[in-house]
Amino acid sequence: MSGTIRQAMTPAITRLREHFDEIRPVLDAQERTAEGIEMLRTRLVKVRRIVNRLEEKANQWQDYIRGLPVNERQAEEQVLANFAPLEHHYAEWIENAHELIADIEIVLAESEDGSTQSDLSEELGVGQNRMNQSRRPQ
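Under full-length UniProt numbering, the first residue of the sequence shown is numbered 1, with each subsequent residue one higher.
Okay, here's the thing in structure tokens:
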């Protein structure tokens, strides 16, 4: 039974890693682009789905272990403890994905606040498009 669960988790973790590789450079970029923000929105949905699936499978595995006879439980707990696809324990992948989700949400919120603030600033004549560059005394 746990073999089936692991077989479902491994490709999900592989996809998660691919998302990490695509998302991290966009999050770390000094400047945000509209394409980057849109990619983050799209990938956020996908990462959330993968995390939900992994958590579902992890819970299923825990339930399976709890239902085992005592003499088999320890061996299966060891399999669970050693399950580390792509060099990290599955729980670490899930935790890192939650952090990635939070980082994406922060960037998306900042981009929404920034665009709203930029629109307001432009409307008020503040910022780069203003004719008088500064009202501060020189």
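A virtual CB, placed ideally from N, CA and C, is assigned to each residue, including glycine.
Computed from a prediction, not measured in an experiment: that's the story for all the values here.
Using a threshold of 8 Å, state whether the C-beta atoms of L16 and I104 are closer than that.
no
CA-CA distance, Q62 and A91?
12 Å
Nearest-angstrom Cα distance between I37 and L44?
Cα atoms of I37 and L44: separation of roughly 10 Å, rounded to the nearest angstrom.
Suppose the cutoff is 7 Å on Cβ atoms and the five residues either side in sequence are ignored; what does the same chain contact list for S111 look like?
R32 and I37
Which complete beta strand (DSSP E) runs does the region 12-57 hold, if anything under 3 residues is left out?
Runs of the beta strand (DSSP E) inside the region 12-57: none found.
Skipping 5 residues on each side, what residues in its chain have a beta carbon closer than 7 Å to that of I65?
Within the same chain, I65 has close Cβ partners R73, E76, E77 and L80.
Tell me the rounded alpha-carbon separation between Q30 and R24.
12 Å
N-terminal and C-terminal residue of the alpha helix (DSSP H) that N80 is part of
Note that residue 80 corresponds to Leu in the displayed sequence, not to Asn. For L80, the uninterrupted alpha helix (DSSP H) run begins and ends at V70 to N82, by DSSP.
Taking the Cβ atom as the reference point for each residue, do E55 and I94 lie within a distance shorter than 8 Å?
Yes.
DSSP on H98, reduced to helix/strand/coil?
helix
Beta-carbon proximity list for V47, same chain, < 8 Å, skipping 5 on both sides:
Correct list, in chain order: L16, H19, I23, A97, L100, I101 and I104.
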